[in-house]
Structure formats: structure tokens, C-alpha cells
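Contents: one structure, followed by commentary.
Numbering (the working numbering), first residue to last: 167 to 235.
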């Protein structure tokens with residue numbers, strides 16, 4: 167599952183939980199699923215943050231190499 171899919175499913179769960187016709191048992195199951203999807207989204211975001219940081223560091227190193235003295 168990719169970030170967009172996980173986030174979309176999480177949004178669907180939020181809409182269902184905001185509805186008035188959800189039983190307690192269903193609410194708990196949806197909440198549990200939402201927690202798992204939140205963890206997945208956070209994992210994707212952290213991985214992306216790491217990749218961006220590596221690219222930024224690489225770019226900064228390249229800029230340092232070409233900096234006039």
C-alpha cells in the first residue's frame with residue numbers, strides 16, 4: 167500500500183466515525199484500523215523525510231565543492 171491509498175482509507179474511516187449511525191463495536195474496529203493506517207502514513211512520511219534529507223545534504227556538499235574561495 168502506498169501513502170496516498172493509506173491516507174485515503176484513513177479519511178474514509180474518519181468520515182464513518184463522524185457519522186451518527188456507527189455502533190460502539192464498529193467504532194472501536196474503525197478506530198483500531200485508523201491507528202494502523204496512521205502508523206503506515208507516519209512510516210511513509212519518515213522515509214520520505216530521510217530521503218529528502220539525504221538529497222539536501224548531497225546538494226549542500228556539491229555547492230560547497232564549487233564555492234569560490
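Even glycine gets a Cβ: it sits at the ideal position worked out from N, Cα and C.
Note the first and the last residue of the continuous alpha helix (DSSP H) segment covering residue 187.
Careful: residue 187 lies outside any alpha helix (DSSP H) and carries neither H nor E.
Would you mind giving the Cβ-Cβ distance between residue 203 and residue 175, rounded to the nearest angstrom? I have them listed as a contact below 8 Å.
Rounded to whole angstroms, the Cβ separation of residue 203 and residue 175 is 6 Å, and the two are in contact under 8 Å.
Please check the pair residue 211 and residue 196, which I expect to be a contact at CB under 8 Å, by giving their CB distance rounded to whole angstroms.
Rounded, the Cβ-Cβ distance is 22 Å, inconsistent with contact.
Check whether the Cβ atoms of residue 199 and residue 169 lie closer than 9 Å to each other.
Not in contact: residue 199 and residue 169 (Cβ atoms no closer than 9 Å).
Apart from the five residues just before and just after residue 167, which ones in its own chain have a Cβ nearer than 7 Å to its Cβ?
206, listed in sequence order.
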